[in-house]
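Under the numbering used here, the first residue of the sequence shown is numbered 55, with each subsequent residue one higher.
Just so it is clear, CB atoms sit at the ideal spot from N, CA and C, and this is done for glycine as well.
Note that the structure is predicted; figures quoted are calculated from it, not measured.
Each remark here refers to the structure printed beneath this line.
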Amino acid sequence: MRHGRKVNHLGRTHEHRLAMLSNMATSLIMHKRIKTTVAKAKALQKYIDPIITRSKDDTTHSRRIVFRDLQNKYAVTELFREVSAKVGDRPGGYTRIIKLGTRLGDAAEMCLIELVDFNDVYTKKAAATTTEKKKTVRRSKKSSAKAAAKDAVVVEEAPAAPATDEAKAE
């Protein structure tokens, strides 16, 4: 039974699990989206959400606490500059898990875990640009027949093409 077991150990020792989550969190911050298994993604989600919340307050103390967890100064810089600026007004839920299906080799459930504010598909700006596309007009068969008749009339009124050598030979 699972009484009181709140942490998924992922079949690893404590040190190995923390190192793996730190590396995955660094990759997620740097690339904004990574592909992994569902179990690792759920563990990573619990690991990275407090780190992103800590990055909203840009102080030396919070930078040191985040660096203690990530162990990568470039990821810490990226987190405090770009990521915290985009998630400043969001009260939580900084990551999204999108399930992809199973992996061929071992049938493990795969997924994408991504930072929510960095996906252009779901943002309002991208939705606004897609609605500004060229409007299409739906025409019935009758109106297309009228348009074809107009084109035929225009073609008849067009001047004849200059004669070619083959036409002269006949």
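Going by the CB atoms, is the gap between residue j and residue i shorter than 8 angstroms?
i: residue 109; j: residue 138; result: yes
i: residue 92; j: residue 165; result: yes
i: residue 131; j: residue 102; result: no
i: residue 90; j: residue 78; result: yes
i: residue 167; j: residue 98; result: yes
i: residue 171; j: residue 135; result: no
i: residue 158; j: residue 86; result: no
i: residue 63; j: residue 56; result: no
Helix, strand or coil, according to DSSP, for residue i in the structure here?
i: residue 140; result: helix
i: residue 189; result: coil
i: residue 195; result: helix
i: residue 89; result: strand
i: residue 176; result: coil
i: residue 59; result: coil
i: residue 160; result: coil
i: residue 64; result: coil
Under DSSP, the alpha helix (DSSP H) around residue i begins and ends at which residues?
i: residue 75; result: 68 to 85
i: residue 154; result: Note, residue 154: premise wrong, no alpha helix (DSSP H); beta strand (DSSP E) at 149 to 156.
i: residue 113; result: No alpha helix (DSSP H) holds residue 113; DSSP gives it neither H nor E.
i: residue 100; result: 92 to 109
i: residue 130; result: 127 to 132
Which two residues bound the contiguous beta strand (DSSP E) that contains residue i?
i: residue 169; result: 163 to 169
Can we count residue i as close to the ligand FAD, meaning its CB is less than 7 angstroms from some heavy atom?
i: residue 137; result: As for the ligand FAD, it is missing from this structure, which has no ligand bound.
Of all the options the options, which has the alpha carbon lying nearest to the alpha carbon of residue i?
i: residue 147; options: 86, 100, 84; result: 100
i: residue 227; options: 160, 152, 195, 159; result: Since the displayed the chain opens at 55 and closes at 224, residue 227 lies outside it and no answer follows.
i: residue 73; options: 162, 161, 94; result: 94
i: residue 83; options: 106, 71, 69, 117; result: 106
i: residue 129; options: 173, 141, 161, 76; result: 76
i: residue 88; options: 193, 173, 192; result: 173
With a threshold of 8 angstroms between beta-carbons, can residue i be considered close to chain B, or not?
i: residue 114; result: The structure shown has no chain B; it contains just one protein chain.
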